[in-house]
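**Q**
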Amino acid sequence: MENREYVKSILPFLPVCLRSSSLFWPPPVVEALKALSQGPNYSNVNSGHILFLAISDIRNSLSLPDSSISSSASDGFSLLFDDLIPRDEAVKWFEEAVPKMADLLLRLPSLLEAHYEKADGGIVKGVNTGLRLLESQQPGIVFLSQELVGALLACSFFCLFPTNDRGAKHLPMINFDHLFAYLYDQYDEKLENKLKCILHYFERISSLIPAGYISFERKVLALEHGTFSFPYPKENFWSQSSISLCPFKISNSGLIEDQSSEAIEVDFANKYLGGGALSRGCIQEEIRFMINPELIAGILFLPCMADNEAIEIVGTERFSNYTGYASSFRFNGDHVDKKEIDVLGRRKSRIIAIDALSSPGKRQYRVECLLREINKALCGFLDHLKCHQYQKFFKDMGSQHDPNVKGSSGHSEVDHLSQGNPSTSSQTIEGTLANQLLRNHEAHYCSHLDYQQEIGVVTGNWGCGAFGGDPQLKAMLQWLAASQALRPFIMYYMFDLESLQMLGQVAQWISSQGWTVGELWDMLMDYSVQRLRGETGAGFFCWLLPSLNSHDTILLNNSHNV
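Numbering (UniProt numbering), first residue to last: 1 to 562.
(1) How is R87 classed by DSSP in three states: helix, strand or coil?
(2) Using CA atoms only, rank isn't needed, just tell me which of K219, E147, Q472, L104 is closest to G504.
(3) Is the segment 286–296 touching the segment 233–252 in the sense that three or more CB pairs, one from each, lie closer than 8 Å?
(4) Considering I354, what are the terminal residues of the alpha helix (DSSP H) in which it resides?
(5) Between which residues of its own chain and L171 is the CB-CB distance below 6 Å, once the five residues before and five after are set aside?
(6) Measuring alpha carbon to alpha carbon, tell me which residue in V458, G514, D470 is nearest S261.
(7) Exposed or buried, which one is G534 when buried takes at least 16 other CB atoms within 10 Å?
(8) When the Cβ atoms of the segment 316–332 are set against those of the segment 353–360, are three or more pairs found closer than 8 Å?
(9) Does the Cβ of D537 have 16 or more other Cβ atoms within 10 Å, making it buried, or fewer, making it exposed?
(10) Are the beta-carbon atoms of E257 and A211 separated by less than 9 Å?
(11) Quick check on this structure: which residue in D83, V142, E31 has the alpha carbon closest to the alpha carbon of L105?
(12) Could you tell me which whole alpha helix (DSSP H) segments of length 4 or greater appear in the UniProt domain "PARG helical" (87–218)?
(13) Between the C-alpha atoms of L195 and L524, what's the straight-line distance to the nearest angstrom?
(14) Return the residue from the list C197, L544, R107, E317 that minimises the CA-CA distance to H23.
(15) Closest by CA to Y164, which one among L64, E113, N461, R531?
(16) Which of the three DSSP states is assigned to V45 in this structure?
(17) Between which two residues does the beta strand (DSSP E) containing L23 stretch?
(18) Hey, out of Q484, E285, G324, S37, whose CA is closest to L382's CA?
(19) Between W515, G465, I243, which lies nearest to L500 when the distance is taken from Cα to Cα?
(20) Based on the DSSP output, what are the partners of P231 in its beta bridges?
(21) Under 9 Å between the Cβ atoms of S71 and H49?
(22) In terms of residues, what are the limits of the beta strand (DSSP E) holding N19?
(23) Given this structure, state the Cα-to-Cα distance separating D396 from G345, to the nearest angstrom.
(24) Alpha carbon to alpha carbon, what distance is there between N41 and A222?
(25) Short check: CB of residue 564 to CB of N175, under 9 Å?
(26) Bridge partners for T459 per DSSP, in chain order?
(27) Just curious, the beta strand (DSSP E) that Y527 is in, first and last residue?
(28) Considering N375, what are the terminal residues of the alpha helix (DSSP H) in which it resides?
(29) How is I311 classed by DSSP in three states: helix, strand or coil?
(30) Determine the burial state of D267: buried for a count of at least 16 other Cβ atoms within 10 Å of its Cβ, exposed for fewer.
(31) What's the gap between the Cα of L255 and the Cα of Y492?
(32) How would you write the range of the beta strand (DSSP E) that K249 sits in, first residue to last?
(33) Using three-state DSSP, classify D267 as helix, strand or coil.
(34) Alpha carbon to alpha carbon, how far is I296 from I313?
(35) Spatial neighbours of A277 within its chain, please: CB distance less than 6 Å, with the 5 preceding and 5 following residues excluded, ordered by chain position.
(36) What are the residues that DSSP puts in a beta bridge with I341?
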């Protein structure tokens, strides 16, 4: 085990011990977990108060300091299980869920060892998929079984993860103690219902352990040009792009997570994955983490995102239904996830976490902020693993098309692919191939790249609401990013936002003009310059289409006056 260098990065953040190449629990922990696994008649754990005492004993056996757990967590456990939950439900929880969770914890060392053995065998050929820290600026992917994720989340529930070094690595909180503490210290019905989602997840996996897999990928736009990587685009990249805009679909009702297409679903994320999911937060990202609790596992090993990064999570299962939003959020029973399974054993649920600028005000119209937002979306929407397929494609075409070979411009073939540069000479094979690939209109090349035409982007008012961004601007930036990433469509959920009432009309007009990504980008740039200079106070839609009738103009100008 210790011979795997990458494993060393995660060991300080796991509660298990390593000795002689084996992972194990200390004997007192094994004894305590075995008692819990035999049920309340043997362990006497039949209330929230006693459960927390058992958790405290296990923590002491792991030498976890009392200072690393919220002082009110014990009161939160008691409040939830002894007062808020009906007694018959609590009894069932202690008789069925707690013993299964303890059994999962007992098997955590063996589940981890089996995981690393399988990772060594190559789930994805030539790609390291083992559990490790996926640190900032280091693109990589981790594959975990749903069973292992269940064991890791049981650790979170029992508050067993060491926390001392997490801050230094820019890792958010992973234990559930704050969630229980806030329930007691600042009771809110939404917090009770967040915990009900968590409890329901454990009830479900206690009756049947899911057999699938989940992947967690850190995606990075390289700040420096590298072989087979996508560089962080500059202003000229966007202005010169000749990619056609993809179809823009709009839904006036419904939720991103309820859509039925196989598509990238955007998580309006905090730069710390999960945001306030394990504390008081209860908006779009936090709700998604409650109804798909397996997302929480990523918090263990994914430090905060930089401006050129995104996180993609594929395969999580949805377990809960809900109603409401923010303070009105309520758990609304069981959800049966019917999404299909892919060839790697993952559910076809693709969630992209991208964090927008917070409270950007007028600076959101500056070119550096426009680039930051559009490149953040592009990073999430791109299929970064296609770099390897680009490499194979060019090798198949012959050594004269080797993407490492630089032409007279000094750029490699992959540079052309990622930058979207048109060919400087119609006689250069490299430029012609790059242009054809990027235009996404040649079925012959798309088949070589295993292009999945059905996987579009499903999003909404990313970076708006609590983050304070301009909804019309953000909608256009996401459209540009989806198009440049060669996605076949973007589906936009407006959530009844008044300033977007004319979004469909504007998108239809832009599409009718046959604009490219570069042409729409240039329009956004012209508009933003005028906003910064104070030459216009109109929203982008009204600025672009001043012929809209007066009623529409009122709606459009209410966009986001900053």
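Cβ coordinates follow ideal geometry from the N, Cα and C atoms, glycine included.
Remember, it's a predicted structure, so these values are computed and weren't measured experimentally.
**A** According to the data block:
(1) helix
(2) Q472
(3) no
(4) For I354, no alpha helix (DSSP H) segment is defined; the enclosing uninterrupted segment is the beta strand (DSSP E) at 350–355.
(5) Excluding its 5 nearest sequence neighbours in each direction, L171 has C-beta neighbours in its own chain below 6 Å: P303, listed in chain order.
(6) V458
(7) exposed
(8) no
(9) Note on residue identity: the sequence assigns Gly, not Asp, to residue 537. The residue is exposed, with fewer than 16 neighbouring Cβ atoms inside 10 Å.
(10) no
(11) The option with the nearest alpha carbon to L105 is E31.
(12) DSSP runs (the alpha helix (DSSP H)) wholly in the UniProt domain "PARG helical" (87–218): 87–92, 98–106, 108–121, 146–157, 177–185, 189–207.
(13) About 43 Å.
(14) Inspection of the sequence shows that residue 23 is occupied by Leu rather than by His. Ranking C197, L544, R107, E317 by Cα distance to L23 puts R107 first.
(15) In the sequence as presented, Tyr is not what sits at residue 164; that position holds Asn. Closest option to N164, Cα to Cα, is L64.
(16) Here V45 sits in coil by DSSP.
(17) Counting along the chain, the beta strand (DSSP E) containing L23 begins and ends at 22–24.
(18) Q484
(19) G465
(20) A222
(21) no
(22) One point to set straight first is that residue 19 is Arg, not Asn, in the sequence displayed. Its beta strand (DSSP E) spans residues 17–19.
(23) The predicted model places D396 with a pLDDT of 48, which falls under 50 and marks its position as unreliable; any figure quoted below should be read in that light. One C-alpha to the other measures close to 29 Å.
(24) 57 Å
(25) The chain is shown only over 1 to 562; residue 564 falls outside these bounds and no answer can be derived.
(26) DSSP, once it has assigned bridges, lists Y492 as partnering T459.
(27) Unbroken run through Y527 is the alpha helix (DSSP H), 517–533; no beta strand (DSSP E).
(28) 367–381 is the extent of the alpha helix (DSSP H) around N375.
(29) strand
(30) buried
(31) 10 Å
(32) DSSP places K249 in the uninterrupted beta strand (DSSP E) bounded by 248–251.
(33) strand
(34) 11 Å
(35) E286, F289
(36) R347
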